[in-house]
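**Student:** Start counting the sequence shown at 0; every next residue gets the next number (numbering that gives the first Met the number 0). Note that CB positions come from ideal geometry on N, CA and C, so glycine has one too. The structure displayed is predicted, hence computed values, not measured ones.
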Amino acid sequence: MSNPLVVLAEFEAKEETLEAFLEVCRYDAARSTADEPGCLEFTIQCSEDEPSLVVLHEVYKNRAAFQAHEAAPHFAVFSNALKELGIITRQIRFFQRQ
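Below is the structure:
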């Protein structure tokens with residue numbers, strides 16, 4: 000059995016779009032954990048040093064579970080919000096939990 004896949008996704012919002020972006024993140028997190036059996040964890044962090052920096056910490060059973068996440072309807076809502084709110088994707092990193 001493979002180790003869980005950990006995703007760390009960093010995004011930068013503008014001050015005026017931060018709260019709207021956080022609402023979309025909360026929606027995505029709630030739907031992911033409720034609707035996706037392969038999503039084990041999904042938490043949202045905001046940086047103390049950079050208030051506009053949002054980091055999503057997601058854990059999936061495996062790569063296939065993450066791919067299912069990307070195909071889910073709530074992920075489309077999240078992706079559209081990135082464009083509509085002008086959110087900058089800083090980086091997305093993938094790890095294997097040990």
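Suppose contacts are defined by Cβ-Cβ distances below 9 Å. Is Leu111 in contact with Lys13 by that definition?
**Tutor:** Residue numbering for the chain in the displayed model covers 0 to 97; residue 111 lies beyond these limits and cannot be assessed.
**Student:** Closer than 8 Å is the cut-off here; do at least three beta carbon pairs connect the segment 58–67 with the segment 20–29?
**Tutor:** no
**Student:** Please state if the CB of Thr32 and the CB of Glu40 are separated by a distance shorter than 9 Å.
**Tutor:** Taking the first residue of the sequence shown as position 1, residue 40 is located at position 41. Taking the first residue of the sequence shown as position 1, residue 32 is located at position 33. Their beta carbons are under 9 Å apart, which means Glu40 touches Thr32 by this criterion.
**Student:** Exposed or buried, what is Val76 when buried is set at 16 or more other beta-carbons lying within 10 Å of its beta-carbon?
**Tutor:** Taking the first residue of the sequence shown as 1, we reach residue 76 at position 77. Result: exposed.
**Student:** If I'm right that Val5 touches Arg89 with Cβ under 8 Å, what's the distance once you round it to whole angstroms?
**Tutor:** On the sequence shown, residue 5 is found 6 positions in, with the first residue counted as 1. On the sequence shown, residue 89 is found 90 positions in, with the first residue counted as 1. Not really, about 17 Å apart at Cβ, beyond 8 Å.
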